[in-house]
Amino acid sequence: MTGSLRIHGPTAGGRGDYTLACAGTLDGSTYRELRDVVIKAALDEPPVVIVDVDALRVPAESAWSVFTSARWHVSTWPDIPIVLVCADTDVRDTLRRNGITRYVPVYRTVHGARTAYDADEHRRRQRARAQLPAVMSSSARARRLVEAWLTSWSRAAMIPLAATIASELVENVLLHTDSEPALILECDGDRITVAVEDASPTPAQRTEHPRAGTSPVSGLAVVAALSRTWGSIPTLSGKTVWAVIGPENVL
Numbered sequence: 001m002t003g004s005l006r007i008h009g010p011t012a013g014g015r016g017d018y019t020l021a022c023a024g025t026l027d028g029s030t031y032r033e034l035r036d037v038v039i040k041a042a043l044d045e046p047p048v049v050i051v052d053v054d055a056l057r058v059p060a061e062s063a064w065s066v067f068t069s070a071r072w073h074v075s076t077w078p079d080i081p082i083v084l085v086c087a088d089t090d091v092r093d094t095l096r097r098n099g100i101t102r103y104v105p106v107y108r109t110v111h112g113a114r115t116a117y118d119a120d121e122h123r124r125r126q127r128a129r130a131q132l133p134a135v136m137s138s139s140a141r142a143r144r145l146v147e148a149w150l151t152s153w154s155r156a157a158m159i160p161l162a163a164t165i166a167s168e169l170v171e172n173v174l175l176h177t178d179s180e181p182a183l184i185l186e187c188d189g190d191r192i193t194v195a196v197e198d199a200s201p202t203p204a205q206r207t208e209h210p211r212a213g214t215s216p217v218s219g220l221a222v223v224a225a226l227s228r229t230w231g232s233i234p235t236l237s238g239k240t241v242w243a244v245i246g247p248e249n250v251l
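In the UniProt record's numbering, the protein residues as written are 1 to 251.
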């Protein structure tokens with residue numbers, strides 16, 4: 001017997017947060033769906049993602065870890081807080097007992113959650129996005145877009161590095177999937193994030209040849225060598241591969 005899950009939202013709150021309202025059963029058959037919905041909401045970068053679990057039935061306490069899993073996936077980038085709302089004292093005690101609240105706070109009301117995460121405290125980020133066609137020339141198009149965006153944000157020194165990473169990530173999508181890549185560039189202070197979405201659920205990872213080992217010239221090897229950190233986040237429609245760079249990485 002598998003459960004059924006209904007997720008309403010995300011809806012934008014008065015402070016710009018996203019609120020998800022969950023109902024139905026959280027179990028092994030619905031775990032990934034809920035995790036990916038929460039991740040997708042965080043990738044849209046509201047100040048905070050609020051998940052109302054009052055109408056959620058969770059037969060096995062271990063399934064509550066879906067929220068710490070979602071938070072782990074977005075903890076480095078985009079680093080958007082995920083919080084829960086639950087009016088039931090027993091359920092809140094269960095969340096605390098299972099260690100969920102160490103990473104995902106729980107509040108009694110949506111108002112309480114919104115008050116704790118005032119949108120004015122959210123970092124001011126600059127963000128741009130472009131959908132690219134599934135053709136190899138999109139790699140060069142990505143480089144030009146990165147140059148234009150960083151120039152407009154007065155971050156010219158980061159252009160060669162960010163453009164190289166964007167090109168490698170786009171080429172990786174074109175070579176290994178049938179997807180149309182979506183390029184995202186974000187500036188948060190002196191930190192630049194380059195991300196590319198695709199429609200393949202296969203996680204991006206460096207693979208090793210049985211004789212040659214990890215290829216030193218693969219696209220992801222280049223990204224790993226040039227960036228501060230990088231990762232692959234699952235989404236409802238595929239995945240997002242991202243890389244963070246800072247002044248110490250400038251070419």
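Heads up, the beta-carbon is just placed ideally off N, CA and C, and yes, glycines get one too.
The structure presented is a predicted model; accordingly, all values stated were derived computationally and were not measured.
Next on the checklist: Give me, in chain order, the residues of the same chain whose beta-carbon lies closer than 6 Å to that of R211; leave out the 5 immediate sequence neighbours on both sides.
Outcome noted: In the sequence shown, counting from the first residue as 1, residue 211 sits at position 211. Confidence at R211 is low in this model, with a pLDDT of 49, below 50, so the placement of that residue should be treated as unreliable; the coordinate-derived value is given next. Closer than 6 Å at the Cβ level, and outside the excluded window around R211, lies no residue.
Checklist entry - By Cβ distance below 6 Å, which residues in the same chain neighbour Y18 in space, the five residues on each side in sequence not counted? => result Within the sequence shown, numbered from 1, the residue matching residue 18 stands at position 18. Cβ neighbours of Y18 beyond the five flanking positions: P10, A41, P46, V49.
Next on the checklist: Using a 10 Å radius around the Cβ and a threshold of 16 neighbouring Cβ atoms, would you call T68 buried or exposed?
Outcome noted: As a first step, residue 68 is located in the sequence shown; it is residue number 68 there, counting from the start. Buried: at least 16 other Cβ atoms inside 10 Å.
Checklist entry - Which of the three DSSP states, helix, strand or coil, is assigned to L236? => result By 1-based counting over the sequence shown, the position of residue 236 is 236. In this structure, L236 counts as coil in the three-state DSSP scheme.
Item to check | Delimiting residues of the beta strand (DSSP E) encompassing A195 | outcome: Numbered from its first residue, the sequence shown carries residue 195 at position 195. It spans 191-198 - the beta strand (DSSP E) in which A195 sits, taken as one unbroken run.
Checklist entry - On the three-state DSSP scale, how would you describe W77? => result By one-based count along the sequence shown, residue 77 stands at place 77. Note: W77 maps to coil in three-state DSSP.
Checklist entry - Run through DSSP, which three-state label would P247 get? => result Within the sequence shown, the letter at position 247 stands for residue 247. Helix.
Next on the checklist: Does T202 pass the burial test, meaning 16 or more other C-beta atoms within 10 Å, or should it be called exposed?
Outcome noted: Stepping through the sequence shown from its first residue, residue 202 is reached at position 202. Looking at its Cβ environment, which holds fewer than 16 other Cβ atoms inside 10 Å, T202 is exposed.
Checklist entry - When DSSP labels each residue in this structure, what does E147 get in the three-state scheme? => result Against the sequence shown, residue 147 aligns to sequence position 147. DSSP places E147 in helix when its eight states are reduced to three.
Checklist entry - If you draw a straight line from the C-alpha of M1 to the C-alpha of R191, how long is it? => result To locate residue 1, count along the sequence shown from 1; it is residue 1. To locate residue 191, count along the sequence shown from 1; it is residue 191. Here the model assigns M1 a pLDDT of 40, short of 50, so the residue's position is not dependable, and the following value carries that caveat. Those two C-alpha atoms are separated by around 47 Å.
Checklist entry - Just how far apart, CA to CA, sit G231 and V91? => result Stepping through the sequence shown from its first residue, residue 231 is reached at position 231. Stepping through the sequence shown from its first residue, residue 91 is reached at position 91. For G231 and V91, the distance between alpha carbons rounds to 33 Å.
Item to check | Cβ shell of V250 (< 7 Å), same chain only, five flanking positions each side left out | outcome: Indexing the sequence shown from 1 puts residue 250 at position 250. These residues qualify, in order along the chain: A157, M158, L161.
Checklist entry - To which residues of the same chain is R127 closer than 6 Å at the C-beta, ignoring the five residues directly before and after it? => result Sequence index remark: in the sequence shown, residue 127 carries index 127 (1-based). Cβ within range, chain order: E186.
Checklist entry - Whole-angstrom Cβ separation of A130 and L145, contact assumed at under 8 Å? => result As a first step, residue 130 is located in the sequence shown; it is residue number 130 there, counting from the start. As a first step, residue 145 is located in the sequence shown; it is residue number 145 there, counting from the start. Contact flag correct, Cβ pair sits at about 5 Å.
Checklist entry - Applying the criterion that 16 or more other CB atoms from any shown protein chain within 10 Å of the CB defines a buried residue, is R57 buried or exposed? => result Indexing the sequence shown from 1 puts residue 57 at position 57. The residue is exposed, with fewer than 16 neighbouring Cβ atoms inside 10 Å.
Checklist entry - In whole angstroms, what is the alpha-carbon distance linking H111 and W72? => result By one-based count along the sequence shown, residue 111 stands at place 111. By one-based count along the sequence shown, residue 72 stands at place 72. Answer to the nearest angstrom: the Cα atoms are 25 Å apart.
Checklist entry - My guess is that V85 and A113 are in contact by the Cβ rule of under 8 Å, so how many angstroms apart are they, rounded? => result Looking up residue 85 in the sequence shown gives position 85. Looking up residue 113 in the sequence shown gives position 113. At roughly 6 Å, the Cβ-Cβ gap stays under 8 Å, so V85 and A113 are in contact.
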